[in-house]
Amino acid sequence: MAGTEISGTTSRRTGDKRVMRIAMIGQQGLPARHGGVERAVEELAARLVERGHEVTVFNQWQPGPKARQHRGIRVRHVPAFGGKHLRNLTQSLLGTLAATLGRYDVVHFHALGPCLASPVARLRPRTRLVVTLQGRDDQRAKWSRPAQVVLAAAAWMSANVPHAGIAVSKQLQREFVEEFGRDTTHIPNGVTVTPQAAPVEADDPLQRFGLEPGRYLLNVGRLVPEKAIDHLLVAFRDVPGDVRLAIVGGSSHTAEYTERLRSLAAEDPRIVLTGPIYGAGTDRLFRNALGYVMPSLLEGLPLALLEAISYGLPLVVSDIEPHLEIVGDSGPGHRVFATGDLEQLTKQMTTLVNEPAAEQAGAYGLRDEVLVDYSWDAVAARTEALYRTLLTSRRHPAARRGGA
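Next up, the structure:
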């Protein structure tokens with residue numbers, strides 16, 4: 014990028030700092046309810062607002078009351094048409110068109126799919142485009158072959174259309190250099206320090222599903238094949254004792270896989286599939302679990318794992334690179350097993366159940382490290398710095414080989 018200062022932008026100055034107008038594309042809704050991307054957008058956007066910037070998110074239109082503002086973030090609602098694949102695409106296209114007409118300084122895409130709309134934002138040459146790579150959606154097993162082809166095109170666009178890319182994990186950063194020759198900036202997701210426990214609601218999930226505090230293992234997330242919940246259900250059968258397993262989450266265009274999980278769960282009365290739970294209900298489940306298990310085959314940098322660590326929960330995780338980037342080597346409080354090895358998964362869960370004091374001590378040590386290393390405030394500061402670098406340059410920063 015050339016070092017020429019941009020003049021005539023739509024932003025204004027406060028003191029010696031330029032207030033940026035930022036649009037966020039890719040989240041389904043705010044306040045966040047649907048998953049990791051939505052939570053990441055909310056936490057980043059709220060902190061950018063705190064730093065003095067104007068941030069607008071383009072939500073997918075849904076029936077019912079609609080917030081116009083949340084945590085200082087401006088919320089706009091755009092239509093979405095068609096079936097399960099077309100809805101997200103049309104939301105991204107219409108949101109990007111609205112952002113392009115709105116004269117924003119930065120349009121920030123979140124995840125691969127929304128980048129299909131990124132060429133539209135290029136129609137305003139002074140607007141800088143950024144994409145955050147949250148994972149390889151093009152590699153997820155739930156998609157049909159045609160959908161995988163479209164997402165492969167989205168991956169190519171994410172590497173070639175935006176002015177800058179953010180990779181939430183070092184693995185994603187390396188893959189984009191190896192596959193597309195495109196350098197990205199490594200900025201991991203953050204984690205929020207868990208607040209005081211919310212008041213117990215009338216619809217308490219522990220009471221509803223017969224869960225006793227400290228007597229169940231937990232997994233929270235979408236019921237999709239790459240999360241390997243089927244592996245977890247089978248491996249859990251051989252964990253001795255009366256400890257239970259709570260699987261929290263719903264289908265994500267994966268009805269057949271979800272039905273298979275129901276069949277597997279029915280074979281062990283200790284297992285409960287709760288369906289989606291949000292807000293105070295999720296907080297209550299995290300706060301009272303014995304431990305957290307994540308057997309995933311594919312991840313970006315999982316917010317659910319960071320959240321479990323923030324609650325001080327002992328972990329059992331597969332040895333995929335994004336997990337190891339967070340937890341390091343296997344040890345008390347953060348047990349690691351070879352991905353797909355059900356015998357090892359059973360063994361590590363049994364260790365967690367049989368040695369709770371040692372596992373808890375190790376989990377608290379990991380929590381102290383993660384709360385320092387994965388701070389949303391640091392994420393916001395580094396993202397803001399990237400925006401400013403782009404806005405003080407006129408050359409396309411399509412950096413190639415090398416790391417950031």
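So the sequence shown is numbered by my numbering: it starts at 14 and just counts up by one.
Heads up, the beta-carbon is just placed ideally off N, CA and C, and yes, glycines get one too.
Asked: Rounded straight-line distance, which links the Cα of Val-174 to that of Gly-416; Found: Note that Gly-416 scores 45 on pLDDT, short of 50, meaning its location in the model is unreliable; the coordinates nonetheless yield the value given after this. Rounded to whole angstroms, Gly-416 to Val-174 spans 19 Å at the Cα level.
Asked: Sheet register partners of Met-307 (DSSP bridge); Found: Val-330
Asked: Cut-off 8 Å between Cβ atoms - residues of its own chain near Val-88, not counting five sequence neighbours on either side; Found: Leu-43, Thr-69, Val-70, Asn-72, Lys-79, Ala-80, Arg-81, Gln-82
Asked: Residue nearest to Thr-396 in terms of C-alpha spacing, selected from Leu-326, Gly-203, Ser-331, Phe-350; Found: Gly-203
Asked: Status (buried if at least 16 other CB within 10 Å, exposed otherwise) for Pro-201; Found: buried
Asked: Span of the beta strand (DSSP E) around Gln-73; Found: 67-73
Asked: Classification of Val-261 by the beta-carbon crowding that lies within 10 angstroms, buried from 16 upward; Found: buried
Asked: Contact check, Glu-338 vs Lys-183, beta carbons under 7 Å; Found: yes
Asked: Given 8 Å, three or more beta-carbon pairs between the segment 312-324 and the segment 373-388; Found: yes
Asked: C-beta atoms of Val-120 and Leu-142 nearer than 7 Å; Found: yes
Asked: Neighbour-count burial assignment, Arg-34, 16 or more Cβ in a 10 Å radius; Found: buried
Asked: For Gly-313 and Ala-391, the rounded distance between their alpha carbons; Found: 19 Å
Asked: Host alpha helix (DSSP H) of Leu-358 (start-end); Found: 355-367
Asked: Beta-carbon separation (whole angstroms), Met-307 vs Ser-276, contact threshold 8 Å; Found: Not quite, the Cβ-Cβ distance comes to about 22 Å (not below 8 Å), so this is no contact.
Asked: Reference Ala-167; option with closest CA among His-66, Asp-151, Ala-248; Found: Asp-151
Asked: Identified DSSP bridge partners for Thr-267; Found: According to DSSP, which records beta bridges pairwise, Thr-267 is partnered with nothing at all.
Asked: Residue environment, Tyr-291, which counts as buried when at least 16 other CB atoms sit within 10 Å; Found: exposed
Asked: Enclosing alpha helix (DSSP H) for Arg-52 [first to last residue]; Found: 49-63
Asked: Straight-line Cα distance separating Tyr-400 from Asp-281; Found: 51 Å
Asked: Buried versus exposed, by CB contacts within 10 Å (16 or more), Phe-94; Found: exposed
Asked: Leu-403 classed as buried or exposed, judged by whether at least 16 other C-beta atoms fall within 10 angstroms; Found: buried
Asked: DSSP beta-bridge partners of Asn-232; Found: Ile-260
Asked: Burial state of Asn-367, where buried means 16 or more other Cβ atoms lie within 10 Å; Found: exposed
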